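Have a look at the structure below before the remarks.
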Amino acid sequence: MQLKGKRVIIIGERDGVQGPAIEACVRSAGAEPVITQTQCFV
Amino acid sequence: MVNYSANQNVKPVLKGVSYFLAHVPSMIRHGSKPSREIGKNPSLLPPILDHLWTFDQAVAYPPNQVFIGNLDPDDLLYNNPPPWYQNPVPNSSRWGPFGEIMPEEEFYGMMKISDEFELLLLEESFLLGVASRLQDHPLINPEDIRKLGKGVSLEQIEGKLREEPAMPIYCQGDRLVGCCQRPRGGGAEEDANLVPHILLENLTTRASGVMALRHLIAKTGGAHEIDYLLGCGEEAVGDRYNRGGGNMAKAIGELCGCTKATGSDVKAFCCAPVHAIVLAASLVASKVFNNVVVVAGGSFAKLGMKFQGHLRHDMPILEDVLAGIAVWVSQDDGKSPVIRLDSIGKHEISSGSAQQAIIDKLVVQPLDHLGLKLTQVDKYATEMHNPEVTEPQGSGNVPRMNYRTIGSFAVMRNELRREDLDHFVEVHGMPGFSPTQGHIASAVPVLGHSMRKMMRGEMENTMFLAKGSLFLGRVTQLSDGISFLLERNKRGE
Chain A
-10 MQLKGKRVII
0 IGERDGVQGP
10 AIEACVRSAG
20 AEPVITQTQC
30 FV
Chain B
0 MVNYSANQNV
10 KPVLKGVSYF
20 LAHVPSMIRH
30 GSKPSREIGK
40 NPSLLPPILD
50 HLWTFDQAVA
60 YPPNQVFIGN
70 LDPDDLLYNN
80 PPPWYQNPVP
90 NSSRWGPFGE
100 IMPEEEFYGM
110 MKISDEFELL
120 LLEESFLLGV
130 ASRLQDHPLI
140 NPEDIRKLGK
150 GVSLEQIEGK
160 LREEPAMPIY
170 CQGDRLVGCC
180 QRPRGGGAEE
190 DANLVPHILL
200 ENLTTRASGV
210 MALRHLIAKT
220 GGAHEIDYLL
230 GCGEEAVGDR
240 YNRGGGNMAK
250 AIGELCGCTK
260 ATGSDVKAFC
270 CAPVHAIVLA
280 ASLVASKVFN
290 NVVVVAGGSF
300 AKLGMKFQGH
310 LRHDMPILED
320 VLAGIAVWVS
330 QDDGKSPVIR
340 LDSIGKHEIS
350 SGSAQQAIID
360 KLVVQPLDHL
370 GLKLTQVDKY
380 ATEMHNPEVT
390 EPQGSGNVPR
400 MNYRTIGSFA
410 VMRNELRRED
420 LDHFVEVHGM
430 PGFSPTQGHI
440 ASAVPVLGHS
450 MRKMMRGEME
460 NTMFLAKGSL
470 FLGRVTQLSD
480 GISFLLERNK
490 RGE
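Chains A and B supply the protein sequences, listed in that same order.
Heads up: the first sequence begins at -10 in our numbering, then just goes up one per residue.
Heads up: the second sequence begins at 0 in our numbering, then just goes up one per residue.
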């Protein structure tokens, strides 16, 4: 998937991959995160 | 008086641990998720009531039997396979070596004993039955029975519920037996923090913490020996000027005969208990205090948190217990397991939120410091949430996910072959058996099992690592985590 130039909504998971970690990857791919959240399912 | 000696360190040990469960199915409707959903759709209440368990069913539930120490976590793997809710433990007991499971009628009595401001009104005939049952409880004294009082009429309770913002208390699912009312005076009538819902949460937390601490004292030492109490629950006691003011620790100690203790609370979301244990061990090692107890009551808000998944799968609503823990940290006695203060792993502000960074800080770096491989830790105690509770709602098997992450580090460090990852999880992990009570589930349910095995010489060490979701409070995006290694006492070898 080509992320460059796209706006991205990020929902991470506490015991999986957390929001800020995904955001760092998304930014490095040239996309613009518009919302970053981390959910805790427990 | 503080017993402080600047130049003498002692080893802190785990002198005792206790666990308590209150089976409160009739309170599920007051849990955060069920109460919000019932508010939106009242027709949800009947199916919820149809999926409540009896006390005997909750006692026979294998993970609950593990929690109070009648079964080992590995029994859930080899001797009591899932689905656990369909495979009850025969001849199971409410009493275990680590504590007990208490039925809701008795627990409401404990809440009344913990109520010093006439917040809780219980119906008189119901209360009579409660008093009769509690009189036979080994940890209830005559002063407790006196505090129960005589109760009020059902008409008075119904009147309160009609005329005031009181909160109903049910037992056996739908039988009204009491209410929690709003306090009066001193501006309480206008205080958003002194409302029945919060006050009921505080009462349940105090009562479950008291029972955990009484069990600990009964088997570990004298209440008067305790110097300091560290609370680590998820409640936020306080008023409009001091939301979350706290010191539940001292309020719990007051009802347990801890006349020589003071205390305070540690707040760090779900990893607060492990933070508190590290602080307790540090206070003992520095000889500021000789005996420090970490204590926490249950999480009222998390009752029935995953009820929708359970209803969808036509399962009993398994989040029907409030849990309590108490942990006694003391000076080295030559036999109790040692809390290695040179093993503390901490998630630092700069650590980042990737799982890799968290496990590196909590597991890898401390073990490197001790010169240990990841495979030299007998067991890891991580997020011990019961997967039978979480999976029906799509939340996955949280312990297994964490064990696989730890094992992956062992693979990356060439301490483990990739094809042995599942074996690593089986040997160094364990099935999740804790009720999904947040802070209670985070590593600490394993303390009792590891302590028992170390005392028997069957285990060398366990690493306890806990994580906290600080971002849930909408203040910071940070995560949190802390860890320590518990080790068999080798003094004299």
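Note that the Cβ used here is the ideal one computed from N, Cα and C, for glycine as well.
From a predicted model like this one, the values you see are computed outputs, not experimental measurements.
Problem set entry | alpha helix (DSSP H) segment containing MET411/B, residue limits | Counting from one through the second sequence, the residue named residue 411/B turns up at place 412. Residues 397 to 411.
Exercise. Closest Cβ-Cβ distance between VAL15/A and chain B: below 8 Å?
Worked result: Within the first sequence, the letter at position 26 stands for residue 15/A. No, because no Cβ of chain B sits closer than 8 Å to the Cβ of VAL15/A.
Exercise. Which partner residues of HIS384/B appear in the DSSP bridge assignment?
Worked result: Within the second sequence, the letter at position 385 stands for residue 384/B. Its beta-bridge partners are SER433/B.
Exercise. Going by other Cβ atoms of all chains shown within 10 Å of its Cβ, with 16 needed for buried, is HIS346/B buried or exposed?
Worked result: On the second sequence, residue 346/B is found 347 positions in, with the first residue counted as 1. Label assigned to HIS346/B: buried.
Exercise. Between the region 272 to 282 of chain B and the region 463 to 475 of chain B, do three or more beta carbon pairs fall short of 8 Å?
Worked result: yes
Problem set entry | ASN6/B versus LYS286/B - alpha carbon distance | In the second sequence, counting from the first residue as 1, residue 6/B sits at position 7. In the second sequence, counting from the first residue as 1, residue 286/B sits at position 287. Note that ASN6/B scores a pLDDT of 48, beneath 50, so its modelled location is shaky; the value from the coordinates is reported in the next line. Rounded to the nearest angstrom, the two C-alpha atoms are 10 Å apart.
Problem set entry | Straight-line gap, GLY8/A to THR404/B (C-alpha atoms, nearest Å) | Counting from one through the first sequence, the residue named residue 8/A turns up at place 19. Counting from one through the second sequence, the residue named residue 404/B turns up at place 405. Cα to Cα, the separation comes out at about 18 Å.
Exercise. Touching or not, the region 33 to 42 of chain B and the region 111 to 124 of chain B, by the rule of three or more beta carbon pairs under 8 Å?
Worked result: no
Problem set entry | Nearest neighbour of GLU157/B, chosen from LEU147/B, ASP377/B, ILE139/B, GLN180/B [CA to CA] | As a working note, residue 157/B is residue 158 in the second sequence. Closest option to GLU157/B, Cα to Cα, is GLN180/B.
Problem set entry | Proximal residues of chain A, C-beta to C-beta of LYS466/B below 8 Å | Against the second sequence, residue 466/B aligns to sequence position 467. Simply ARG3, ASP4.
Problem set entry | Own chain residues within Cβ distance below 7 Å of PRO167/B, not counting five before or after | Reading the second sequence from its first residue, position 168 is the one you call residue 167/B. Contacts found: LEU160, LEU175, CYS178.
Problem set entry | Neighbourhood of ALA217/B by C-beta, 7 Å cutoff - its chain only, sequence neighbours within 5 removed | In the second sequence, residue 217/B corresponds to position 218, counting from 1. Correct list, in chain order: LEU138.
For this session: Verify the CB distance criterion: does ALA18/A have a CB-CB separation below 8 Å to chain B?
Result: As a first step, residue 18/A must be located in the first sequence, where it is residue number 29. ALA18/A does not count as touching chain B.
Exercise. Across which residues does DSSP place ILE1/A in a beta bridge pair?
Worked result: Looking up residue 1/A in the first sequence gives position 12. Residue identity check: residue 1/A is Gly in the sequence provided, not Ile. In DSSP, GLY1/A forms a bridge with THR27/A.
Problem set entry | Enclosing alpha helix (DSSP H) for GLN364/B [first to last residue] | Looking up residue 364/B in the second sequence gives position 365. Looking at the DSSP string, the run of the alpha helix (DSSP H) that includes GLN364/B is 364 to 369.
Exercise. Is DSSP giving SER17/A helix, strand or coil here?
Worked result: Counting from 1 along the first sequence, the entry for residue 17/A is found at position 28. Three-state result, SER17/A: helix.
For this session: Flag PRO22/A as yes if its beta-carbon sits less than 8 Å from any beta-carbon of chain B, otherwise no.
Result: In the first sequence, residue 22/A corresponds to position 33, counting from 1. Not closer than 8 Å to any Cβ of chain B, the Cβ of PRO22/A fails to qualify, so no.
Exercise. Expressed to the nearest angstrom, what Euclidean distance is found between the alpha-carbon atoms of LEU278/B and ILE338/B?
Worked result: In the second sequence, counting from the first residue as 1, residue 278/B sits at position 279. In the second sequence, counting from the first residue as 1, residue 338/B sits at position 339. The straight-line gap from Cα to Cα measures roughly 11 Å.
Exercise. Which residues in the same chain have their Cβ closer than 6 Å to the Cβ of PRO22/A, if we skip the five residues on either side of it in sequence?
Worked result: Numbered from 1 along the first sequence, position 33 holds the residue referred to as residue 22/A. Excluding positions up to five away in sequence, the list reads VAL(-3), ILE(-1), GLU12, VAL15.
Problem set entry | Cutoff 8 Å: HIS196/B Cβ touching any chain A Cβ | By 1-based counting over the second sequence, the position of residue 196/B is 197. No - not a single Cβ of chain A is within 8 Å of the one on HIS196/B.
Exercise. Between VAL542/B and TYR227/B, is the Cβ-Cβ spacing less than 8 Å?
Worked result: Outside the displayed range of chain B (0 to 492) lies residue 542/B, so it cannot be described from this structure.
Problem set entry | Simplified DSSP state of ASN8/B, which is helix, strand or coil | Start at 1 with the first residue of the second sequence, and residue 8/B comes out as number 9. Note: ASN8/B maps to coil in three-state DSSP.
Problem set entry | Sub-8 Å separation of LEU369/B and ASP331/B beta-carbons | Here residue 369/B corresponds to residue number 370 of the second sequence, with the count starting at 1. Here residue 331/B corresponds to residue number 332 of the second sequence, with the count starting at 1. Going by C-beta atoms, LEU369/B is not nearer than 8 Å to ASP331/B.
Exercise. Any chance the region 56 to 75 of chain B sits against the region 415 to 431 of chain B, with 3 or more Cβ pairs inside 8 Å?
Worked result: yes
Exercise. Taking 8 Å as the CB-CB cut-off, is VAL31/A touching chain B?
Worked result: On the first sequence, position 42 is the one that residue 31/A refers to. By this cut-off, VAL31/A is an interface position.
Problem set entry | ASP143/B versus VAL151/B, GLY150/B, GLN134/B, residue with shortest Cα-Cα distance | Residue numbering aside, residue 143/B sits at position 144 when the second sequence is read from its first letter. Nearest of VAL151/B, GLY150/B, GLN134/B to ASP143/B, Cα basis: GLN134/B.
Exercise. With distances taken between CB atoms, is the gap from GLY297/B to GLN436/B smaller than 8 Å?
Worked result: Here residue 297/B is taken as the residue at index 298 of the second sequence, counted from 1. Here residue 436/B is taken as the residue at index 437 of the second sequence, counted from 1. Yes, the Cβ-Cβ distance between GLY297/B and GLN436/B is below 8 Å.
Exercise. With distances taken from CA atoms, which of ASN396/B, VAL362/B, LEU198/B, PRO336/B is nearest ASN460/B?
Worked result: Here residue 460/B refers to the residue found at position 461 when the second sequence is read from its first residue. For ASN460/B, the nearest C-alpha among the options comes from PRO336/B.
For this session: Give the secondary structure of LYS259/B by DSSP, where H, G and I count as helix, E and B as strand, and everything else as coil.
Result: Counting from 1 along the second sequence, the entry for residue 259/B is found at position 260. Three-state result, LYS259/B: coil.
Problem set entry | GLY480/B vs LYS378/B beta-carbon contact at 8 Å | As a working mapping, residue 480/B is identified with position 481 in the second sequence. As a working mapping, residue 378/B is identified with position 379 in the second sequence. No; because the gap between Cβ atoms is not below 8 Å, this pair is not in contact.
Problem set entry | Euclidean distance between Cα positions of GLU382/B and VAL151/B | Residue numbering aside, residue 382/B sits at position 383 when the second sequence is read from its first letter. Residue numbering aside, residue 151/B sits at position 152 when the second sequence is read from its first letter. For GLU382/B and VAL151/B, the distance between alpha carbons rounds to 43 Å.
For this session: Would you mind listing the beta strand (DSSP E) stretches within the region 125 to 192 of chain B that are 3+ residues and don't spill past its ends, in chain order?
Result: 166 to 170, 174 to 179
Exercise. Closest to ILE112/B by CA distance: which of GLY333/B, ASN246/B, SER207/B is it?
Worked result: The residue labelled residue 112/B in the question sits at position 113 within the second sequence. That would be SER207/B, whose Cα lies nearest to the Cα of ILE112/B.
Exercise. Counting only beta-carbon atoms, is GLN(-9)/A nearer than 8 Å to chain B?
Worked result: Walking along the first sequence from the start, residue -9/A turns up at place 2. Judged by the 8 Å Cβ criterion, GLN(-9)/A is not in contact with chain B.
Exercise. Distance, Cα to Cα, ASN78/B vs LEU485/B?
Worked result: Along the second sequence, read from residue 1 onward, the residue named residue 78/B stands at position 79. Along the second sequence, read from residue 1 onward, the residue named residue 485/B stands at position 486. Distance between the alpha carbons of ASN78/B and LEU485/B is about 27 Å.
Problem set entry | For GLN330/B: DSSP bridge partner residues | On the second sequence, position 331 is the one that residue 330/B refers to. Looking at the DSSP assignment, GLN330/B forms a beta bridge with PRO11/B.
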